[in-house]
Structures are given as C-alpha cells and as structure tokens.
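Worksheet: the structure to be examined is printed underneath.
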Amino acid sequence: MHANNEIGTIQPLHEIGEIAKENNIYFHSDGVQTAGKIPVDVKSLGVDALSISGHKLYGPKGIGVLFIRKGVKIESIQQGGGHENGLRSGTENVPGIVGLGIAAELARNTMVDEAIRLTSLRDRLKDFVLSRIEESWLNGHPAKRLPNNLNLGFKYIEGESLLLYLDALGIAASTGSACSSKKLTASHVLTAIGLKPEYSHGSLRLTLGRSNTLDEVDLAGQAIEESVIRLRKMSALGPR
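With the numbering used here, letter number 47 in the sequence shown gets 52, and the count goes up by one each step, no holes.
Rendered as structure tokens:
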C-alpha cells in the first residue's frame, strides 16, 4: 500500500518499485489512502498498477480506478462483452465514473492547501493529547505520514472502551482500520512495528477531513483526555 490505512505511514514505493523492476516482477500498490491527499505520480513511484477508491476522495461509493502501465498484461476477471478494454465485462457505472472524475479534479485543485490545513489540525491534536496525557504516544512515522491521519496509543486502557466514551461525547473514531473494525484481536500493524499486544489494544485511530474545524479538533482533544482519565481510574492496572 502507498500509505498504511491504520497508522498513516507513507511507504517507500519508489525503492520497492526499483527492487521489483530489477527482478522482473510486476508491482501493484493500493493507493486508496493517498489519492487526493498527497501527490500520486505512478511514474516516479515505479508501480505497474495502482488502485484508487472513489469514496476516499469524496467521490461516489462503489466506484474505483485501476491504473495499469502500458504494456502490462493482466487476466480478465469477468468474461463476456469485453467492456473496460476487455478487463471486466458488464455495463459501466457512468454516473459513478463521472462523479469520481469530478471528485479527482476537485481534489487536485485543493490538495496542497488542504494538506497544509489538515497537517496543522492533526499536529495540534497530537500535541495536545501527548502533552496532557501521561504514558501516551504516537503510532507511525512522525513526519512521513498522511496529513489527515493520527494514531495514538495509551497505557492502561482498552481501545474499545475508549471508543464508547468518545462516541457518547460526539467523537467518531476507531481502534484500527475501518476494514477490521469488528475484530477484537491486536492490530497486526501495531504488533508488526513492535508494540506489545496489551499496548496495541490501547490504540486510537482518528482521521480528519475537509469539514473538520479547529474548534472540533480542540473538542476532540478534551474528549480524549477526559475519557482516558475516567477509564484509568477504573482500571486495575493504571495509575490512580
């Protein structure tokens, strides 16, 4: 993936692409998290194929893009009428395609300014939480990360309990990726970067978007602080 959907770390695709090219291996990357948020140049990244999902850049749900480098041949997943240049037969979703095209155009025109704004809001929230709550930390790379992603960890609490408190305070968040929101096992992403399972369970994932404001970020920070304090008071392991 171009950027991790859970901790927001941007991966070194160019370097990976060079390795794949040297070994004559096709290289496909999931660009769902990055398209519309940071520049995505398939040439400089060195990918042979790249996937994009419309709803992640404010386009319609149920529509996506598969970039395939010229000369790369892939097997059709659906036989029949030969639509989509023979790759997937079936009537094209024209409204979805047009909607995604407009969403991509809007994202391209606002991406730079929006990335600056979201980075500022993200870092404000991060600094507030880490400065106010002891034994908390940032998961993922501190700089090479998506401008809208914030993944925090807290000792002595369960992430699921934290979500319940935050939901009651009007804050929408998750403990991992949206794709695995119903799994109760420790995040494979967090354990892969070295966190112990008990610490992984105390993680919180927040993502910001176009509609979020400075006031909302400050409200979220206060809600997180309040919720963590209350949960630690009830914890048999945490500080009193």
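Cβ atoms here follow ideal geometry from the backbone N, Cα and C, with glycine treated the same way. Just so it is clear, the structure is predicted and the values come from calculations on it, not from any experiment.
Rounded separation between residue i and residue j - CA only
i: residue 11; j: residue 114; result: 26 angstroms
i: residue 23; j: residue 152; result: 26 angstroms
i: residue 144; j: residue 40; result: 22 angstroms
i: residue 127; j: residue 73; result: 33 angstroms
i: residue 203; j: residue 50; result: 36 angstroms
i: residue 83; j: residue 104; result: 24 angstroms
i: residue 21; j: residue 101; result: 32 angstroms
i: residue 97; j: residue 147; result: 41 angstroms
i: residue 46; j: residue 95; result: 29 angstroms
Boundaries of the alpha helix (DSSP H) in which residue i is found, first to last residue
i: residue 240; result: Segment: none, residue 240 is in no alpha helix (DSSP H) and carries neither H nor E.
i: residue 70; result: No alpha helix (DSSP H) contains residue 70, which is instead part of the beta strand (DSSP E) from 69 to 73.
Environment of residue i [buried if 16+ CB atoms lie within 10 Å]
i: residue 186; result: A caution first: residue 186 carries a pLDDT of 49, below 50, which makes its placement in the model unreliable, though a value can still be read off. Result: exposed.
i: residue 125; result: exposed
i: residue 209; result: buried
i: residue 13; result: buried
i: residue 71; result: exposed
Endpoints, the beta strand (DSSP E) within which residue i is located
i: residue 54; result: 54 to 58
i: residue 34; result: 33 to 35
Residue(s) in a DSSP beta bridge with residue i
i: residue 156; result: 210
i: residue 14; result: 150
i: residue 141; result: 159
i: residue 179; result: 210
i: residue 83; result: 93
Supposed close pair residue i, residue j - CB separation, criterion 8 angstroms
i: residue 191; j: residue 206; result: 6 angstroms
i: residue 176; j: residue 159; result: Not a contact, Cβ separation roughly 15 angstroms.
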